[in-house]
Structures are given as C-alpha cells and as structure tokens.
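So the structure is just underneath, and the comments pick up after that.
Structural data, given as structure tokens:
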C-alpha cells in the first residue's frame, strides 16, 4: 500500500462518519451549513474541482489504486498533494453527500469524449445522480478536462450554463447523452442510463483501468485542474490552458522529467510520489510521442 495511505488512514478510521466529512469540507474550503439543499450541492460541486485535481499517477507508476472510502480520503485529503480519477473523486463525494443527508444514486457511463455519440464503449466512468426537492441532478467531479463545476438538471432539455462552460443532457434512445459546447459545436461527453450501481460494481473496472497494459491510464499522463479563470490540462507532454468556455488560450510541449514534475506541482498542485519511477515513465511518454 502506498505510504501516503498509512500516515492518514488510521485517524480517519477511528471515526469515519464525521472525520471524513470534516476533513473533506476543510480541504475544499467549504464553510457554513451542510443541509442537503441545491445551494449546498452547487457550492460543493464548484469547490471540489477547484481544489482537488484529476490525475493518474498511480496507474502510470504501477501503484495500486484503492477505491475504498477510507483509502481515497487518506490520499485526496491527506498531507501529500494528490488527486485521482473518477472512482476516487466521485466515490469520495458520494460518501460525503450521503453522510450529509443527501439522497444519491451511483451510476455508470460510456465515455464518448473525442468520439461519435454512436461509438461503442464500456461503462467505465462513475457519476452520481442526486435527488433533491427541485428534481434529479447529474453530479460529476471526476471527468478530467471535461469535469463539471455545477450540477445539471436531468430533466432539462437545452443548454445549461455552468461556471466553466455550457452543457446539455439529451435523451438518447433509452439512455441520456451528456454534451459539452466546445469550439462552436456540441461534443459528446458520455452516455449513461439510470441503472443504480453499488460501490462493489466499480471494483473490476477500477482494477482494469489501473492495471491493464491496454488501459489509457497506464499508458500516458492525464492531469486536469479547474481554476476560477478556466482549466489546465496535461495529456502526455502537451500542457494546455483554456478559458471558462473551453476555448484554447495556450499550448506548450513539456520536455524533461524535471520540467514535468515542476508543472505538476506548480500548475496542478500534485506532488510526484516517486521521482525516480516518474523519470522512467516520463521517458516512456516521450518515446511514445516521438514514435
């Protein structure tokens, strides 16, 4: 088990119901009442991606990825600056929301980012449906460069404005299709149905995504960070900066492992857990780009 788990997980386990929620709110800077309301949900949904980055260092460095709540809390809320991917982000948020009195349903989606809305893909992404008096809301703080920064109404057709761009949810056969407005057109993000999932349902997919040589998360580097001014993304060696509407402002190619490590720290607020292993992996990423 990675070292960052052990230094924090023991005190969390002693009183997980309260300690994890308190540690989470302290980490993201949430203050005030935590009543299960739409206003509370909106505030949490914005603060989470502004604070906690998306990253896949553990799969890339062949380190185990646990999606148990206590282990995720130790990783994302502990003293080492880390992030995670969908099962970690949305899994932790699901636990916090449930312990704060929200009614939620865990769901799974077929990722279509960069593909046609008719593409066939596995149900490999975790998202949440939160049930409020105002209706049902899609919540997702773990989709990398397309991460939502506000909940979206499930039953609302047409565009929905968030602090970081326009989105819409459209019926798609027996499913729902989430789309994002990017570069003057609607781009498919993912397709999902309303079949409830249990935490155990994500274990096999998480294992595949974090261990298989065929998994994209084991092949190259993925990082994303939301800021009040927009988004930063890192795919392989390509660092990008976009405004709040998703328009590209700047793109830069990273060179050395030291430069990449500095960018991870300064831009994404991520601490590389093993610099020696990262240097080896970074060379592999460079070789992939060159070939």
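Numbering (my numbering), first residue to last: -4 to 286.
Note that CB positions come from ideal geometry on N, CA and C, so glycine has one too.
Close-in-space but distant-in-sequence residues of the same chain around residue i (CB under 6 Å, 5 per side omitted)
i: residue 16; result: 91 and 94
i: residue 98; result: 126
i: residue 225; result: 237, 238 and 239
i: residue 191; result: 100
i: residue 49; result: 78, 139 and 219
i: residue 53; result: 60
i: residue 263; result: 48, 218 and 220
i: residue 33; result: 127 and 129
i: residue 227; result: 220, 236 and 262
Where residue i falls: helix, strand or coil (DSSP)
i: residue 170; result: strand
i: residue 132; result: strand
i: residue 40; result: helix
i: residue 187; result: strand
i: residue 28; result: coil
i: residue 200; result: helix
i: residue 9; result: With a pLDDT of 49 at residue 9, under the threshold of 50, the modelled position of that residue is not reliable, and the figure given next carries that caveat. The answer is helix: DSSP assigns residue 9 an H, G or I state.
i: residue 126; result: strand
i: residue 154; result: strand
i: residue 35; result: helix
i: residue 54; result: helix
i: residue 252; result: helix
i: residue 209; result: coil
i: residue 278; result: helix
i: residue 62; result: coil
DSSP beta-bridge partners of residue i
i: residue 273; result: According to DSSP, which records beta bridges pairwise, residue 273 is partnered with nothing at all.
i: residue 228; result: 219 and 235
i: residue 247; result: 234
i: residue 79; result: 49
i: residue 164; result: 173
i: residue 121; result: 103
i: residue 180; result: 177
i: residue 192; result: 101
i: residue 149; result: Answer is none; residue 149 lacks a bridge partner.
Nearest-angstrom Cβ-Cβ length linking residue i and residue j, presumed shorter than 8 Å
i: residue 213; j: residue 138; result: Contact flag wrong, Cβ pair sits at about 19 Å.
i: residue 183; j: residue 121; result: With a Cβ gap of about 18 Å, residue 183 and residue 121 do not count as contacting.
i: residue 162; j: residue 147; result: 6 Å
i: residue 280; j: residue 216; result: 6 Å
i: residue 252; j: residue 187; result: Incorrect: roughly 37 Å between the Cβ atoms, too far for contact.
i: residue 201; j: residue 135; result: At roughly 16 Å, the Cβ-Cβ gap does not stay under 8 Å, so residue 201 and residue 135 are not in contact.
i: residue 31; j: residue 96; result: 4 Å
Close Cβ partners of residue i (< 8 Å) along its chain, the five nearest in sequence each way excluded
i: residue 157; result: 143, 144, 145 and 147
i: residue 260; result: 76, 266 and 267
i: residue 258; result: 229, 234 and 249
Alpha-carbon to alpha-carbon, residue j and residue i
i: residue -3; j: residue 269; result: Residue confidence is low: residue -3 scores 45 on pLDDT, short of 50, so the model does not pin down where it sits. No coordinate-derived value is stated.
i: residue 70; j: residue 63; result: 11 Å
i: residue 169; j: residue 115; result: 15 Å
i: residue 130; j: residue 123; result: 14 Å
i: residue 88; j: residue 36; result: 11 Å
i: residue 150; j: residue 167; result: 13 Å
i: residue 245; j: residue 66; result: 36 Å
i: residue 38; j: residue 222; result: 15 Å
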